[in-house]
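Before any comments, here is the structure.
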Amino acid sequence: MHSNATSTLRLDRRGFLLGAAGAALAGPALAQQGGMVDSQAEWAQSYDVGAQKSRNIVTPYPILSQATVQATEAAIRVYQDIVSRGGHQPLPSGQRLKVGTTSSAVTPLRQRLIDLGDLSPNAGTSQVFDSYVDAAVRRYQARHGLTPTGVVGAQTFAALNTTAEVRLKQLEVNLARLRSYSGNLGRRYVTTNIPAAYVETVEDGTVQTRHVAGVGKIDRQSPVMNARILDVNFNPFWTVPASIIKKDLIPLMRKNPNYLTEQKIRIYNRQGQQLAPEQVNWNSDEATQYMFRQDPGGDVNSLGFVRINIANPHGVYMHDTPAKGAFGDDYRFISSGCVRVQNVRDYVYWILKDNPQWSREAIDAALQSGQRQDARPAEPIPVYWVYITAWGTPDGVIQFRDDIYGKDGVGPGAVTEALRAGDDRPQE
Numbered sequence: 000m001h002s003n004a005t006s007t008l009r010l011d012r013r014g015f016l017l018g019a020a021g022a023a024l025a026g027p028a029l030a031q032q033g034g035m036v037d038s039q040a041e042w043a044q045s046y047d048v049g050a051q052k053s054r055n056i057v058t059p060y061p062i063l064s065q066a067t068v069q070a071t072e073a074a075i076r077v078y079q080d081i082v083s084r085g086g087h088q089p090l091p092s093g094q095r096l097k098v099g100t101t102s103s104a105v106t107p108l109r110q111r112l113i114d115l116g117d118l119s120p121n122a123g124t125s126q127v128f129d130s131y132v133d134a135a136v137r138r139y140q141a142r143h144g145l146t147p148t149g150v151v152g153a154q155t156f157a158a159l160n161t162t163a164e165v166r167l168k169q170l171e172v173n174l175a176r177l178r179s180y181s182g183n184l185g186r187r188y189v190t191t192n193i194p195a196a197y198v199e200t201v202e203d204g205t206v207q208t209r210h211v212a213g214v215g216k217i218d219r220q221s222p223v224m225n226a227r228i229l230d231v232n233f234n235p236f237w238t239v240p241a242s243i244i245k246k247d248l249i250p251l252m253r254k255n256p257n258y259l260t261e262q263k264i265r266i267y268n269r270q271g272q273q274l275a276p277e278q279v280n281w282n283s284d285e286a287t288q289y290m291f292r293q294d295p296g297g298d299v300n301s302l303g304f305v306r307i308n309i310a311n312p313h314g315v316y317m318h319d320t321p322a323k324g325a326f327g328d329d330y331r332f333i334s335s336g337c338v339r340v341q342n343v344r345d346y347v348y349w350i351l352k353d354n355p356q357w358s359r360e361a362i363d364a365a366l367q368s369g370q371r372q373d374a375r376p377a378e379p380i381p382v383y384w385v386y387i388t389a390w391g392t393p394d395g396v397i398q399f400r401d402d403i404y405g406k407d408g409v410g411p412g413a414v415t416e417a418l419r420a421g422d423d424r425p426q427e
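Numbering that gives the first Met the number 0 numbers the first residue of the sequence shown as 0 and each following residue consecutively.
What follows is the structure, encoded as structure tokens:
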């Protein structure tokens, strides 16, 4: 390798190491800068604070930007260097590690964290899991989309034991995806990164807000697509899609005949007449002939207080949810294809901010009214649902997410399986 190239590689690697050590856990900073935090009493719930504090990505740069492309190119050079030096040896994963643990397994963990830039090279080779290792593990977890608990269990071991060759392949595949969005995306636009399960709003090249999200299950995937926000529905009705009637609603009614009544879901025949649940034969597919509509109300309605309509051929949209506790989970692949948005009120404020008829006060009043109302942004807003599992940020952090839908061509996602079965949260 020529000396100039070697110098460039070292600079790239040093920059990422410093970034990984310093930026991965700066969670609340962007939230304050970008206006994410709005202390509305009924919305300032603990799961929102936890989600912002944990794994929310912190950088003013949009993921769809030339700056991200360049940072990802630099990240590839970092991993090319790691692979050329033999990659990573598997870490022993039979023991759960946390602060205070003394084990021979801590020494190779220290070395892995040093190699990846999450721990200082001066940290030594002690077998004691001390506060320095704890902080490094938390940094590592944060940039892999895991709640930074400092506990090394099934999920974190699965990520740590993903080979450097796989990580390099992920970066290369995702660089091509990022480059495909190099055109003019619009002055104001929204990105949903499906495998990261988060939403960001962008204006004039800078991220304004970020939101933890719930996205499609593996068997009901959120589509990769380009769309536009057309309008916002306050206190919407929810019409149950045919697929959910067959897959979910009929089996639920067989188990609990009161389910529809409890969920405030009404049944209508093709003539628009309302039927009582006991008029339907739930041991057949008869229910698929009817329309099921849930009453408005954020406490029960599956769309919560708000639905954001986006023009697309897949019949999906973005919405609030009454099940807000899911935003605090690492595994948020929970929907039937639509995207559930955390802190949806801030998202709606941003969508409608250029429409003088919809001030924050007007939006709050509409939400509190309980009445079905619609609002339009001043202009349709482009929306990009993308699939990015690996990227570098200009702040010097290399981010990875599990290939939840198997689109990277690197094999099954070990972290996904661990997320389903394991839990790295501290145990009593």
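Using N, Cα and C, we set each Cβ at its ideal position, and we do this for glycine too.
Given this structure, state the Cα-to-Cα distance separating residue i from residue j, to the nearest angstrom.
i	j	result
residue 358	residue 191	25 Å
residue 66	residue 397	13 Å
residue 26	residue 266	Reliability fails at residue 26, whose pLDDT of 32 lies under 50, so the model's placement of it is uncertain and the value that follows must be treated cautiously. Whole-angstrom Cα-Cα distance: 45 Å.
residue 235	residue 287	22 Å
residue 69	residue 174	9 Å
residue 94	residue 152	8 Å
residue 356	residue 375	10 Å
residue 24	residue 142	Only weak support exists for where residue 24 lies, its pLDDT of 38 falling under 50; the value from the coordinates is given anyway. C-alpha separation (whole angstroms): 8 Å.
residue 124	residue 144	27 Å
residue 386	residue 180	12 Å
residue 258	residue 264	9 Å
residue 407	residue 394	25 Å
residue 222	residue 197	14 Å
residue 366	residue 186	28 Å
residue 149	residue 136	5 Å
residue 155	residue 401	12 Å
residue 202	residue 59	11 Å
residue 306	residue 255	28 Å
residue 63	residue 177	6 Å
residue 278	residue 303	28 Å
residue 227	residue 336	17 Å
residue 19	residue 378	Low confidence applies to residue 19: its pLDDT is 46, below 50, so where it sits in the model is not reliable, and the reading given next is rough at best. So the two alpha carbons sit approximately 38 Å from each other.
residue 363	residue 272	34 Å
residue 189	residue 241	28 Å
residue 232	residue 291	19 Å
residue 97	residue 370	50 Å
residue 380	residue 319	18 Å
residue 348	residue 209	13 Å
residue 250	residue 115	48 Å
residue 334	residue 216	6 Å
residue 86	residue 195	25 Å
residue 388	residue 147	19 Å
residue 460	residue 105	Residue numbering for the chain in the displayed model covers 0 to 427; residue 460 lies beyond these limits and cannot be assessed.
residue 340	residue 212	5 Å
residue 72	residue 204	20 Å
residue 268	residue 172	49 Å
residue 200	residue 342	13 Å
residue 37	residue 82	Its pLDDT being 27, under 50, residue 37 is placed unreliably by the model, and nothing is read from it.
Starting from residue i, trace the beta strand (DSSP E) in both directions and tell me its first and last residue.
i	result
residue 373	372-374
residue 230	224-233
residue 249	Segment 249-254 is the alpha helix (DSSP H) holding residue 249; no beta strand (DSSP E) there.
residue 202	197-202
residue 403	Segment: none, residue 403 is in no beta strand (DSSP E) and carries neither H nor E.
residue 440	The structure shown does not extend to residue 440, since the chain spans only 0 to 427, so no value can be given for it.
Per DSSP, which residues does residue i bridge with? Please list them.
i	result
residue 265	292
residue 348	Its beta-bridge partners do not exist; DSSP assigns none.
residue 212	340
residue 390	398
residue 308	230
residue 383	190 and 225
residue 238	292
residue 274	266
residue 409	Paired residue(s): none; residue 409 is not in a bridge.
residue 101	127
residue 205	202
residue 334	215
residue 318	306 and 339
Over the uninterrupted alpha helix (DSSP H) stretch that includes residue i, give me the two end residues.
i	result
residue 367	359-368
Which whole-angstrom value describes the C-beta separation of residue i and residue j, a residue pair presumed to lie in contact below a C-beta threshold of 8 Å?
i	j	result
residue 160	residue 90	6 Å
residue 313	residue 224	7 Å
residue 132	residue 109	6 Å
residue 102	residue 126	6 Å
residue 391	residue 74	4 Å
residue 309	residue 229	7 Å
Whole alpha helix (DSSP H) elements within the stretch 114-166, 4-residue minimum | List check, alpha helix (DSSP H) in window: 130-141 and 153-159.
Whole alpha helix (DSSP H) runs in the stretch 56-98 with 4 or more residues, listed along the chain?
-> Secondary structure remark: continuous alpha helix (DSSP H) runs of at least 4 residues inside the stretch 56-98, in chain order: 65-83.
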